[in-house]
Amino acid sequence: MADLAEVQQLELLCQAFYGGGSKEEQNEAHKKILEQVGLFLSASTAHWVVGLYIYTELTQEMQPKIGSHMSRLRRVAFSFRDIALPSILQVAVKTLQQFDAGAIRVPNDEEETPFIMSRMCVAEAIAEDADNCDWESPLNNEVLRQEQLEVLSQLARCRYTKTARMVHELFEETKAKAQSGEINRKVFEEKITWLVYLIGALVGSNWTGRLPDVHVEGGQNASSETVQMANAGLSKLVLTLIEETKCEEAPETLELAFLYFLDQFRKLFIGQFARKQDTTSAFATGTASGRRPRLAPRRGGGGFFALGAADDKAVVATLVSKIGFNLQHRVEMPECIKKSMDLLFEFVAGVHIVHWISRAPELIVTGRLLLETPTGGYFLTNHCNVEFKFLSMRRYSRLRTTYYLTLGTLLFYQQRKAAVSFEQFVQPMDAIFLSLWQQTDEGRNPQSIRNPLCRDPLIGLVRDLRGLSFASGNNATYTVLFDWLMSPWKKINGSTRMAIFSWAADAWWDDAEVLVPLLKFIADFVSNRGGGRIQFVESSANGIRLFKEASSVVLKYGNRILQKQEFTDPYKEKYKGMAVALQILSNIISGNYCHYEVFEVYGDTVLNDSLRLALQMCLAIPQDDLMAYLKSLRPVYSFLEVATESFMQHILELPPAHLAQLLRCVEDGLCAQETVLMQSCATLGHFVEFIFRYRNSEEKEGTAVRAFLEAQPGSLPRMLQLIFQLLMTGQLPNLFAISGVLLGLILLQENEYLKLKQQIIEQQIEAKRPQVEGFFTALMLNIEDDLETANKVTYKTTTTSSSCG
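All residue numbers in the sequence shown are consecutive under my numbering, ending with 1507.
Structural data, given as C-alpha cells:
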C-alpha cells in the first residue's frame, strides 16, 4: 500500500461514491462495493490487507462535510451508514477477534534488531560524513523521526524485554567506546541521541491509558514485573546521562531527545502512580495489612527503586529539575526552551485520565505532587530569579505567558496550604508596577511612561499577568487576582495597579509590540469564561469598576489608532490591536457582570463612548481586508453579535450608510467558515428582530428603523436573496440557526419573498419544479405573521425537515 498509484486509485474509488444518482442507485452502489471488497477479504493475505484499507478509506471519506453541496453529500453518507457500515463493522469485529485468538499473526519476531542497528549505522554515517550524505537525518526532522519511533514501539511489543536488553547493551557499549576513544565525540553524540529516542519510544509504548484493577498472581504479574524492571533499567541509563551532561555543552538534538524521553517517562510514571495509589503509596513495598501492591517487586527491590528514587515525589523532582536546568542554562537552544516549557506545563497543568477496565476513570493531577517537593517550592519562590535567563531575552518574550500560566496553576493549587502566598509570589511584579509609577513622576506625568527603559519591563509584565489570568479559571482564584489588581495601593498614592495600563495605552498606542500583549491581557482578565469565573455580589460595584478600567484602555488606544492614516504593515500595526480591543468589549458585554443602566442614571458616557468607538473600528476595516484577515479579525463578528443583542438602539444611531456597511460585513460572514457564519446568523437575527419590532413604532427607535429602511431599501432584500441562494445550494451547515433569521426577513419583505420564490421556481428544470414548489409551500405552512418564540420554533422545525432537493 506504500505505492502511490494504489493509494491514488483508492482515493479515486472513494470519491466516486460522492457522484450523482438517485437514492436507489446510491444504495445499489454501496451493496456492490461490499460484494467486490468481499472478494479481496476471502483471497490472499495481501488482498485481505487491501480490502481492509479500502474499507478504512471509504469510511473516512463518507464523514459528512461542511461546504458546497452539503445536502447531497449528507444523503450519500446516510445511505452508506444504513447499507454498508453495518457489514464493515462486522468485518472489523471479526478481524479483531481473529487477532485476539491468534488466528492472524504478524511475523515480526526478528524485525526489531535490524531496525535498531540500521539507526546506529545511519547515525555513524551522518556523523562521519554529513556533507556527502544523500539523506536527511531523522534527528532534524520531527515528522520522520516520530514515524520511525512509532515503528520501533510496534515492533518491540512482541519481545519487549529482549528488545529492551538489546538497547540497554548498545547504550552501555556506545558510552564505553566513547570513553575509550574508539569513536569520536560526534559519532557518540549522534548514536547516543538515537538511543535516548529509542528508549523513550520503548518506555512510552508501555502506557496505553488503560489499567487492570484486579491483582493477578503468577505468570502475568511476574511478566509485568519483568517489563517494569526493564523500563527502570533503561530509564536509569538516560537519567544518569542527563546528570552527566549538565556540566557540559550538549548538542541541541541530544537535549531534545532528553525531553522526548522525559515526556514518555512521565506518561509511564502516571500509570504506575495511579495503580499503586489504588493500594498504597506509589513506591512503597508493602502495606500495613501485609498485602503486596500490584506493581511492587517480589524481592530485592525493583521498578523505580532501580532509579535510586526514594518515593514518587523524588521521581517528580528528578523530572522537573531537568526542565528547570534547561530554562536556566540552555537559553541558546530555542527549540529546547520551547519544548521544556511545554513539558513543564503538561506536568503541572495537565489533567491525566487513567482508564480502569471495570470502573470509572481516574484523574491524576501531577502538579499537586510537584507542590510537595522542594523543586516545586523553588519555582514558586524564585520564578523571576536571574538564573532563569530566558526571562531576560526578548526572543522568549512570548513564552512568559506560558511560564506564568504554569506557575500560576501551581500557585493556585496550594492556596489553602499557602506554602507560598499570592502576595509573596507577585512581589517581583509589584516592584515593576512601582518602578513604572515612579517613572510617571508618581502619576503627575503619565506620558513619561513612554521612556524606552519602561518598554521591556512593561511587555514582560503584561505577558506575565496574562499567564496568571489564564491560570485563574474559577471565581476563587480570579477574586484573588482581581483584588490585587483593582484595590487601591498605598505605595502608588491609592491608585490601582490597573490604572497604570491606561497610561501605558495612551503613551504606547502606536507600538504594537507593547499594545497587543497589553490588550490581550485585558481581554482575558475581563473574560467570564464558563459563566462562573467572574461573579460579584449584587450590591458590589466591581463589575462597573472593571468595565471602566478596561474601557479606559480601549478608548485611549482606539481614539489614537483611528486618527492614524498611514501604516507600513496594516495588519500588524492596526488590525491586530483593533481586533483585541473589540474582543475586550465583547468579553465584557457577554460576561453579564456589569449593570449598564447605572451609566445612564448617573450621566456617565463611558458606555456610549466605548460602543461608538467599537463601531467606528468595525467600520474602519475595509471588507476586503476583513475577509483577508478573517481569522485574526473574528472579534469583529463576536462584538457585532453581542452588541446587536444588547445595544441595538445605540447601533441605530449610526447613519444608514454605515448600518448598510455593517450588514455587508454580516453578508460576507454568512459565506465564511462555520464559527463566523454562526455569529453572523445571530447578528442578523438580532438586527431583523429589532427592525420587525419597531418598524411601526412611534418611539425614537421606530423613527431610526424607518429612516434606515427608506435610505437603504436594498440591504434586507439582498440578505434574503443570499440566504435562499445558500439554502438552495446546500452551503448552510446549520439550517436551524439560519431559519429564525429567514422567517424575519420573509415577514419584513413579503413582496420580495414572493418575487424571489417565483424566480427560483422558474430557474428549475420542468421535472424539478413541483418539488421546489412543494418546498416553498411547506416552508410557510401554519406560520403566523410574528416573531414570537413558539412561531419561530415551528418555523425552524419546518425548515430543517423540508428539502428543496
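Yeah, the Cβ is synthetic: ideal placement off N, Cα and C, and Gly gets one too.
Fill in: lysine 948 versus alanine 934: straight-line alpha-carbon distance, rounded
21 Å
Worksheet item: What do you get for serine 672, buried or exposed, if any count of 16 or more other CB atoms within 10 angstroms of its CB means buried?
Response: The chain is shown from 703 up to 1507; residue 672 falls before or after that span and cannot be answered.
Worksheet entry | Proximity winner among Leu956, Tyr1180 and Asn1084, relative to phenylalanine 1238 (alpha-carbon distances) | Tyr1180
Worksheet item: For valine 1239, which three-state DSSP category applies?
Response: Three-state result, valine 1239: coil.
Item to complete: Identify the continuous alpha helix (DSSP H) that holds valine 1344 and give its terminal residues.
Response: 1337–1348
Fill in: threonine 1479 to threonine 1501 span [Cα, whole Å]
Using only the alpha carbons, I get a separation of about 11 Å.
Discussion item. Quick check for students: name the residue ranges of the beta strand (DSSP E) that lie wholly in the region 1041–1082, counting only runs of 3 or more.
Written reply: The region 1041–1082 contains these whole beta strand (DSSP E) runs: 1053–1058 and 1064–1067.
Worksheet item: Which value, in whole angstroms, describes the spacing of the CA atoms of threonine 1075 and arginine 1100?
Response: Distance between the alpha carbons of threonine 1075 and arginine 1100: 28 Å.
Worksheet entry | Three-state secondary structure assigned by DSSP to glutamate 1486 | Three-state DSSP puts glutamate 1486 in coil, outside helix and strand.
Worksheet item: lysine 1258 and alanine 1214: beta carbons closer than 9 Å?
Response: no
Worksheet item: What do you get for tryptophan 837, buried or exposed, if any count of 16 or more other CB atoms within 10 angstroms of its CB means buried?
Response: exposed
Worksheet item: Starting from asparagine 1289 and walking both ways along the alpha helix (DSSP H), at which residues does that stretch end?
Response: 1278–1293
Practice prompt. Please classify phenylalanine 1090: does DSSP put it in a helix, a strand, or coil?
Written response: coil
Worksheet item: Quick one, which of Ile1440, Gln1363, Glu1412 and Lys1402 has its alpha-carbon nearest leucine 1379's?
Response: Ile1440
Item to complete: Determine the burial state of glycine 921: buried for a count of at least 16 other Cβ atoms within 10 Å of its Cβ, exposed for fewer.
Response: The predicted position of glycine 921 is uncertain, since its pLDDT is 42 and thus under 50; no value can be drawn from it.
Fill in: aspartate 965 - DSSP class collapsed to helix/strand/coil
Helix, per DSSP.
Discussion item. Counting C-beta neighbours from all protein chains within 10 Å, is the total for lysine 1494 16 or more, i.e. buried, or is it exposed?
Written reply: buried
Worksheet item: For asparagine 1147, which of Phe1127, Met1095 and Ala1206 has the nearest alpha-carbon?
Response: Ala1206
Practice prompt. In the DSSP assignment, find the unbroken alpha helix (DSSP H) run with serine 1023 in it and report its ends.
Written response: Element bounds for serine 1023: 1014–1031.
Worksheet item: Going straight from the alpha carbon of leucine 754 to that of alanine 745, what length do you get?
Response: 12 Å
Worksheet item: Using CA coordinates, which residue listed in Lys1024, Met1200 and Lys938 is at the minimum distance from leucine 1045?
Response: Lys1024
Discussion item. So for leucine 1332, helix, strand or coil by DSSP?
Written reply: coil
Worksheet item: How about tyrosine 1298 and leucine 1309: do their beta carbons lie closer than 9 Å?
Response: yes
Practice prompt. Could you pull out every unbroken alpha helix (DSSP H) segment of at least 4 residues lying fully inside the region 1115–1162, listed in chain order?
Written response: 1124–1127 and 1129–1141
Worksheet item: Relative to the C-alpha of leucine 961, which residue among Phe1127, Leu1449, Lys1041 and Thr876 is closest?
Response: Lys1041
Worksheet item: Assuming leucine 854 and glutamate 814 make a contact with CB atoms under 8 Å, what is their CB distance in whole Å?
Response: Right, their Cβ atoms sit about 7 Å apart.
Discussion item. Could you give the first and the last residue of the continuous alpha helix (DSSP H) run that contains glutamate 1376?
Written reply: 1376–1396
Worksheet item: Between glutamine 966 and glycine 902, what straight-line distance do the alpha-carbon atoms span, to the nearest angstrom?
Response: 6 Å
Discussion item. Tell me which residue opens and which closes the alpha helix (DSSP H) that isoleucine 651 is part of.
Written reply: What is shown of the chain runs 703 to 1507, which leaves residue 651 out entirely.
Worksheet item: Whose CA, out of Leu1220, Asp1208, Arg1152 and Arg1235, lies closest to the CA of leucine 1183?
Response: Arg1235
Fill in: Spatial neighbours of valine 918 in its chain, beta-carbon cut-off 7 Å, leaving aside the 5 residues before and after
Only weak support exists for where valine 918 lies, its pLDDT of 40 falling under 50; the value from the coordinates is given anyway. Within the same chain, valine 918 has no close Cβ partners at all.
Fill in: Separation of phenylalanine 1410 from leucine 1361, as counted between CA atoms
8 Å
Item to complete: Look at the alpha carbon of valine 940 and the alpha carbon of valine 1022, and state the distance between them as a whole number of angstroms.
Response: Roughly 15 Å between the two C-alpha positions.
Practice prompt. Use the C-beta contact count for arginine 1131: other C-beta atoms within 10 angstroms, 16 or more gives buried, fewer gives exposed.
Written response: The question names arginine, but residue 1131 is methionine in the sequence shown. Classification of methionine 1131: buried, given that the 10 Å Cβ count is 16 or more.
Worksheet item: Would DSSP call glycine 1371 helix, strand or coil?
Response: helix
Worksheet item: Okay, do the region 730–743 and the region 780–800 touch, 3+ Cβ pairs below 8 Å being the bar?
Response: Three or more Cβ pairs drawn from the region 730–743 and the region 780–800 lie within less than 8 Å of each other, which places the two stretches in contact.
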